[in-house]
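Per UniProt numbering, the sequence shown starts with residue 1, numbered consecutively. In this text, a Cβ means the ideal position worked out from N, Cα and C, and glycines have one as well. Before any comments, here is the structure.
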Amino acid sequence: MPRLEPGDLAPDFTLPTADGGEVSLADLRKSADQGVVVYFYPAAATPGCTKEACDFRDSLASLQGAGYAVVGVSPDGVEKLAKFAADEALTFPLASDTEHQVLEAYGAWGEKKNYGRTYTGVIRSTVVVGADGAVTLAQYNVKATGHVARLRKLLGVD
């Protein structure tokens with residue numbers, strides 16, 4: 001799948017969430033002056049994804065204070081996301097993309113290599129969508145540990 005670049009129009013989406021509702025990019029954009037941090041992660045409740053989600057949780061107040069909303073997207077079902085959100089006290093939306101449509105549209109689904117094995121799955125990625133719907137930052141193959149701190153610097157939150 002092609003990856004998004006700054007200046008591209010971000011594909012809109014509406015997905016079911018861990019809390020039983022839905023989240024849409026359009027609604028998040030309306031609620032955030034600077035834009036929306038959309039991050040894609042492989043699997044809830046795994047070590048790397050837990051670290052990344054908790055980093056977003058711990059940085060949420062400063063990101064929101066700087067005008068950003070945050071949403072996490074994974075191929076997990078809503079039940080697994082609900083347990084993950086409850087276990088880790090996550091207060092931002094976790095969206096379920098079991099059909100991989102949003103993951104593919106954002107270039108976050110594709111071929112990966114792990115321990116010498118090649119397979120198709122989620123490419124850990126973060127895309128920042130400006131209030132106007134255009135991509136302002138797109139990062140692919142990010143590391144779970146330290147990613148949020150680097151993102152905060154790039155966004156001028158620190």
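For the beta strand (DSSP E) containing LEU137, name the first residue and the last one.
Note, LEU137: beta strand (DSSP E), 135-140.
Around the Cβ of ARG29, are there at least 16 other Cβ atoms within 10 angstroms (buried) or fewer (exposed)?
Result: buried.
Look up LYS51 in the DSSP assignment and say whether it is helix, strand or coil.
helix
Measuring alpha carbon to alpha carbon, tell me which residue in PRO6, TYR106, PHE92 and SER62 is nearest ALA149.
SER62
Let's test the definition: count the other Cβ atoms within 10 Å of the Cβ of PRO47 and tell me whether it reaches 16, buried, or not, exposed.
exposed
DSSP three-state call for LEU4: helix, strand or coil?
coil
Do GLY72 and TYR115 have their C-beta atoms within less than 9 Å of each other?
no
Sequence-distant residues of its chain with Cβ nearer than 7 Å to GLY133 (five each side left out)
LEU9, ALA10 and ARG29
Going by beta-carbon coordinates alone, are ALA82 and ALA18 separated by less than 9 Å?
yes
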